[in-house]
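Numbering (the working numbering), first residue to last: 1 to 321.
Backbone N, C-alpha and C define an ideal beta-carbon position, used for all residues, glycine too.
Everything on this sheet refers to the single structure shown next.
Listed below in structure tokens is the structure:
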């Protein structure tokens, strides 16, 4: 299990509550922005639970298109569909007696949300292509970077499933709201960089941060949270000269917070559909083609973004020169 690195009073209190939740078999919903450590918290709950010696199985719900989600979650029988040439055990069955972590649960298609609700209520499921019920003995943890209340309001998430998941909640604040954790995390990431390096000239590798670099670390809003911080430290460790990272602004390109990213220039004669496409393309470029991060920054689901992209591909949209 990866360690949770923190120094803030907020994280101390959060982990105290997580330890209490770990002793139950109830579903826990972990909420927080991308990169705040939701998966690490799920691992922490499992490690401090009576199920710690049983499997910890994780699945990213945003990584599967709808036809494949059922098979990934519940498994399938041989011949259930084209290409199913053998029985497959799904995540619910693989995690039996242990913990099943459903990351990005807000990305599940509506039909799968309904089936998940049924499993949570009836404690059993069916493999695809089978009518034989299989007992569900896994403890369920879910995580989302979305406001599920807003998702319910906009009919993108089932209200009954939301109320089934929200009994035990843990919310991880972003790094900008717990600045005491920034430097310990940065030091941890720097140690990881040194440990992973194949460079034999270890004496030239940076081993600490200078005062100005510390000030920059603590003053930056880190909209990408720990993930963005880790990448910045990695770049700085390669660019720094000597054993001290003295100035991150000299070592890494400046990174603007996502909410400050300007929209692309848009000709006034473009129609709304064309403007929407320009904005989406600009955001995809900003996140190097990562659809999940682009969708999150736009306030839509990854599924909605994929549908929009498919819509653009199905018919050409004229552009102004």
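Between the Cα of residue 236 and the Cα atoms of 291, 213, 227, 225, which residue gives the shortest distance? Selected option, being the one with the closest Cα: 213.
Looking at the unbroken beta strand (DSSP E) that takes in residue 155, where does it start and where does it end? No beta strand (DSSP E) holds residue 155; DSSP gives it neither H nor E.
DSSP state of residue 124 mapped onto helix, strand, coil: strand
Using CA atoms only, rank isn't needed, just tell me which of 309, 210, 193, 219 is closest to residue 328. Outside the shown range of the chain (1 to 321) lies residue 328, about which nothing can therefore be said.
List the residues that DSSP assigns as beta-bridge partners of residue 247. Its beta-bridge partners do not exist; DSSP assigns none.
If residue 95 and residue 57 are in contact, beta carbons under 8 Å, what's the gap, nearest whole angstrom? 4 Å
Beta-carbon spacing of residue 51, residue 139 below 7 Å: yes
So for residue 23, helix, strand or coil by DSSP? Reduced to three states, the DSSP call for residue 23 is coil.
Which value, in whole angstroms, describes the spacing of the CA atoms of residue 129 and residue 81? 8 Å
Three-way DSSP call (helix, strand, coil) for residue 116 in this model: In the three-state scheme derived from DSSP, where H, G and I count as helix and E and B as strand, residue 116 is classed as helix.
Could you say which of 226, 223, 275, 209 lies nearest to residue 247 if we only look at CA atoms? Shortest Cα-Cα distance from residue 247 to any of 226, 223, 275, 209 involves 209.
Nonlocal neighbours in the same chain, by C-beta distance under 8 Å from residue 227, ignoring five residues either side: Cβ neighbours of residue 227 beyond the five flanking positions: 34, 35.
Is residue 302 closer than 7 Å to residue 62 when the C-beta atoms are compared? yes
Could one say the Cβ of residue 209 lies closer than 7 Å to chain B's Cβ atoms, at least one of them? No chain B appears in this structure, which consists of one protein chain only.
Grab me the residues of residue 119's own chain with a C-beta within less than 6 Å of its C-beta, minus the 5 sequence neighbours each way, in chain order. 125, 136
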